[in-house]
Each structure stands twice: as structure tokens, then as C-alpha cells.
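Below is one structure, written out as C-alpha cells; comments come after it.
Chains as they are written, first to last, in the numbering used here: chain R, 1 to 226; chain W, 1 to 253.
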């Protein structure tokens with residue numbers, strides 16, 4: 001039980017400091033808005049075929065806004081020299097990972113909650129699919145992305161050029177998740193008749209999520225070792 | 001801790017006998033590589049039957065598949081030695097993992113170049129966004145990232161630890177590449193071994209199968225030679241570093 005309590009403490013600490021400074025969340029949301037603006041130039045929202053790119057745009061927003069948050073989560077500890085404090089504190093490395101993961105995931109969900117309705121509104125998207133499945137897909141996709149991302153952010157934080165290193169590490173590893181969720185989102189948003197194949201994609205993503213969450217949980221000890 | 005490991009000089013003294021033995025092994029592996037390569041060339045170009053619709057262009061298939069096999073094997077070796085390193089913390093395991101990953105990247109590049117050449121004649125296009133191609137490209141990027149972790153600044157044991165962790169995680173893509181054509185049932189890559197999902201595709205002629213198996217064997221020998229050479233180069237590099245360090249200490253005192 002101790003593991004989860006310390007993890008929750010850590011997540012609370014991160015979210016509290018975020019609430020004080022409002023640095024990351026504002027950046028992420030503004031960034032998401034800018035992505036939407038750029039895409040409105042690239043694809044005319046009045047055009048009907050534009051609806052086909054919406055699933056991709058959703059995940060572009062999540063991925064790039066997510067990277068901004070992930071980059072910060074361990075680097076800020078390193079800059080303030082508090083990572084040593086975390087490591088010598090009487091808790092396991094797993095709870096540091098879990099805490100950071102929870103904080104990142106919570107922030108990611110806030111960004112999604114703001115930006116996705118905004119995207120639908122601005123692109124005048126008529127929602128045809130089922131909302132519960134859509135939320136499930138977004139949830140599972142972000143879960144896997146943030147779980148792997150937090151782990152690799154901890155890994156990349158050891159390098160001086162970690163801002164550059166993290167995307168290079170993260171994108172190849174998470175591509176299977178992204179392919180799966182983009183396909184599933186596409187089907188759920190526009191073509192509910194093919195729901196069974198969307199569910200197959202969701203299952204694949206869930207399996208990937210579970211495997212990687214467990215692997216990251218087991219290996220985080222070696223990453224955070226001094 | 002890292003400083004102690006850096007200064008560890010247990011590997012320095014090495015007897016002459018061991019050196020002689022290792023050069024012999026190197027020569028033997030080299031000879032085996034050359035002979036098996038020549039044999040496989042004979043089997044590919046003379047022994048194996050020519051494909052009906054693609055003619056000589058089909059010959060690239062043997063190199064393509066063997067390179068893919070070699071890359072998979074190299075990444076598997078990296079995976080195994082990464083786990084061993086995390087358990088035992090011996091530098092030699094890390095060296096093996098690194099050299100193997102490098103060889104794997106080189107042969108992934110060969111797969112990714114021979115693939116389009118074959119595709120141009122078989123499918124009339126250089127590249128299609130098809131599961132196995134995508135996953136192979138991702139595999140290439142994963143191990144490029146692995147090598148980038150190696151280029152990070154810092155002491156060796158930290159880099160070795162982090163890249164071992166990444167080597168374990170990154171290996172997850174290899175089974176995906178292998179099963180991609182079985183899961184997504186693409187129309188481009190045939191399932192050569194077994195009957196395939198439709199039970200009618202696949203199959204390979206006996207002479208072709210013989211040529212393929214011989215090429216794969218010779219590539220495996222090539223891999224062991226490259227791995228052996230690479231590891232001995234890395235060891236030499238380490239030795240030179242240690243001698244430099246010694247010299248520096250001597251000059252300072």
C-alpha cells in the first residue's frame with residue numbers, strides 16, 4: 001500500500017506545483033490551439049473531406065502537447081537538484097515512476113478535455129460515433145503514450161540534450177500504439193458499422209499498454225539508479 | 001561507484017597464448033564466411049530455379065531475407081546481453097550488446113534498401129505503407145535511438161545501464177515485425193513458411209528453399225565473424241583508454 005500512497009503524494013506535489021506556476025498546462029493548451037490553427041490552414045474546415053483528417057489531428061495534438069509535459073517532468077527535478085532528494089527519500093523507484101506518471105496523465109487528460117471539444121467546434125465536426133468508445137480509445141491511447149513517455153523521460157533526463165533525445169526515443173517505441181488508436185478513432189468517429197475492427201485495434205493497444213506498463217515498472221529501478 | 005568501475009584494471013594483463021588463440025579463431029571465422037558466401041552465391045545464381053514472373057530480380061530475395069534474419073538475430077543478442085548486463089554488471093556483456101546492435105542497424109539498412117529494389121520490379125513501386133515495411137522502419141529508428149543513447153555524455157556504466165534498459169524495451173518491436181504479415185494479412189509480403197492464413201498462398205520451391213537456407217547459414221557465420229571482430233575492436237579501444245589513463249596518471253605524479 002505504501003507504494004501507492006507515496007506515488008499519490010508525489011503526483012499531488014507535482015500537480016500542486018503546476019497549479020501554482022501554471023507553466024506546463026498553459027503551454028500545452030496554447031500549443032494545442034496553435035496546432036488546430038495550423039491545421040485549419042492546411043485543410044479547409046469548410047471542405048467535407050477534411051473530416052477524414054480529424055482523427056489524425058487529435059493524436060497529433062496529444063502527442064506533441066504530451067511531449068512538452070513529459071520533457072518537463074524529470075528535467076525540472078534535475079534542474080532544481082531535487083532528483084537526489086527523491087532518490088534518497090524512503091520510497092521505491094516504482095513509486096517515483098507511478099507518481100510522475102499520474103501527474104503527467106492527469107495533465108494530459110485536462111489538455112484533451114479542453115482541446116478536443118474545441119477542435120470539434122472549430123472544424124464543425126458532427127459526432128456520429130459512440131461517445132463511450134471514443135473516450136475509451138482516447139483514454140487507452142494516452143495511457144500508453146504517457147506510461148512509456150514518463151519512463152523514457154526518466155531515461156533521457158540523464159543526458160544534457162534530453163529535450164532532443166526524448167522524441168527520438170519516444171516516437172518509434174510508441175508508434176504501434178499511435179497506429180492502433182488513430183485507426184480506432186477513425187472508425188469510431190465516422191464509420192460505426194466496422195466497430196468490430198475498431199475493437200480489435202483497441203484490444204491490441206490495451207495489450208501493448210499492459211505489457212509496457214509492467215516492463216517499465218520492472219525496469220525503472222535501473223533507470224533511476226545513481 | 002562509477003569511478004571504481006572505470007579504474008578497474010582486471011582486464012589489462014592478457015597472456016600471449018590467449019591472443020594467439022583469438023587470432024586463430026578470427027581467421028577461422030573469416031575463412032568460413034568467405035567459403036560459405038561463395039557456396040551460397042553458387043546456390044543462389046546457378047542452383048536455384050528462376051522465378052516465373054520476376055526472373056533474375058527475384059534473386060535479391062535471398063539476400064533480403066537473410067539480412068532480415070541477421071538483423072533480428074542481432075537485436076535478439078542485444079536483448080539477451082542487455083538483460084545479462086543488468087544482472088551481472090560486467091562490461092563485456094555491454095560490449096556484446098552494443099556491437100550486436102550496430103551490426104543489426106547496418107543489416108536493417110540493407111533490408112530497407114534491397115526491399116525497395118525488389119519492390120520496384122515486383123510491385124512496380126518503391127515503397128508502400130504496409131505493416132511489415134512500417135514496422136521494419138520503426139525497428140530501424142528504435143535502434144538508431146539506441147545508438148544515440150550510447151553517444152550520450154557521461155561515464156560508461158551509466159550509459160551501459162540506460163542503453164541496456166532501452167535495448168530490452170526496444171526489442172518489443174522485433175516480434176511485431178515478424179508477426180505483422182500474419183496479423184494484418186497484407187497482400188504484398190507473402191508468407192513463405194507455412195501455409196499462410198488463407199491456406200493456399202505461400203510455399204517455396206525446393207531448390208529455392210535450399211538456396212535460402214544456405215544463404216541464411218552463411219549470413220549467420222558472417223554475423224558471428226562481425227560480432228567477434230567488433231568486440232575485439234571495442235576491447236582494444238578500452239585497453240588504449242586504460243593505457244592513456246595510466247600514462248596521464250604517471251605524468252601528473
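Where a beta carbon is used, it is the ideal one built from N, C-alpha and C, also for glycine. Just so you know, these numbers come straight off a predicted model, no measurement behind them.
By alpha-carbon distance to residue 101 (chain R), the top candidate from R:36, R:8 and R:166 is R:8. The criterion of a C-beta distance shorter than 7 Å is satisfied by residue 206 (chain R) and residue 140 (chain R). Taking a Cβ-Cβ threshold of 7 Å, the residues of chain W close to residue 175 (chain R) are 138, in chain order.
Residue 181 (chain R) has a beta carbon lying at 7 Å or more from every beta carbon in chain W.
Under the three-state reduction of DSSP output, residue 22 (chain R) falls in the coil class, being neither helix nor strand. The C-beta separation of residue 159 (chain R) from residue 153 (chain W) comes to about 7 Å, placing the pair in contact by the 8 Å criterion. Between residue 188 (chain R) and residue 127 (chain W), the alpha-carbon positions lie close to 29 Å from each other.
For residue 245 (chain W), the enclosing alpha helix (DSSP H) starts and ends at 206 to 252.
Residue contact check for residue 12 (chain R) against chain W: no CB pair falls below 7 Å.
By the rule that beta-carbons nearer than 7 Å mark a contact, residue 132 (chain R) does not touch chain W. Neighbours of residue 111 (chain W) in chain R, taken as residues whose beta carbon is under 9 Å from its own, are absent, since the nearest beta carbon is some 16 Å off. Ranking R:155, R:127 and R:170 by CA distance to the CA of residue 141 (chain W) puts R:170 first.
Taking 7 Å as the upper bound on Cβ-Cβ separation, chain W lies near residues 155, 158 and 159 of the segment 146 to 159 of chain R. Assigned with DSSP and collapsed to three states, residue 128 (chain W) falls in coil, not helix or strand.
Think of a sphere of 9 Å around the beta carbon of residue 55 (chain R): no beta carbon from chain W falls inside it, the nearest being about 16 Å out.
About 10 Å separates the CB atoms of residue 173 (chain R) and residue 216 (chain R); that is not less than 8 Å, and the two are not in contact. Within 9 Å of the CB of residue 168 (chain R), the CB atoms of chain W belong to 141, 144, 145 and 148, in sequence order along the chain. Between residue 37 (chain R) and residue 52 (chain R), the alpha-carbon positions lie close to 17 Å from each other. Against chain R, the beta carbon of residue 221 (chain W) has no neighbour under 9 Å; the closest one sits roughly 30 Å away. If you keep only unbroken beta strand (DSSP E) runs of at least 3 residues inside the segment 111 to 148 of chain R, you get nothing at all. Linking residue 46 (chain R) to residue 123 (chain R) through their CA atoms gives a straight-line distance of about 8 Å. Chain-order list of chain W residues neighbouring residue 16 (chain R): empty, with the shortest C-beta distance near 30 Å, by a criterion of under 7 Å. When CB distances to chain R are screened at a threshold of 8 Å, the residues of the segment 149 to 166 of chain W falling below it are 149, 152, 153, 154, 158, 161, 162, 164, 165 and 166, in chain order. Pairing residue 36 (chain W) with residue 163 (chain W) gives a Cβ-Cβ distance that is not under 7 Å. Below 8 Å, enough C-beta pairs join the segment 127 to 144 of chain R and the segment 200 to 214 of chain R to call them touching: three or more.
Taking a C-beta cut-off of 7 Å against chain R, the contacting residues of the segment 66 to 88 of chain W are 86, listed in chain order. Distance from the CA of residue 155 (chain R) to the CA of residue 224 (chain R), rounded to the nearest whole angstrom, comes to 8 Å.
Across the structure, residue 109 (chain R) and residue 130 (chain R) are spaced so that their CA atoms are roughly 19 Å apart. Comparing C-alpha distances from residue 212 (chain W) to each of W:47, W:23 and W:87 shows the shortest one belongs to W:47. Taking residue 99 (chain W) as the centre and dropping the five residues before and after it, the same chain places the C-beta of 227, 230, 231 and 234 closer than 7 Å to its C-beta, in chain order.
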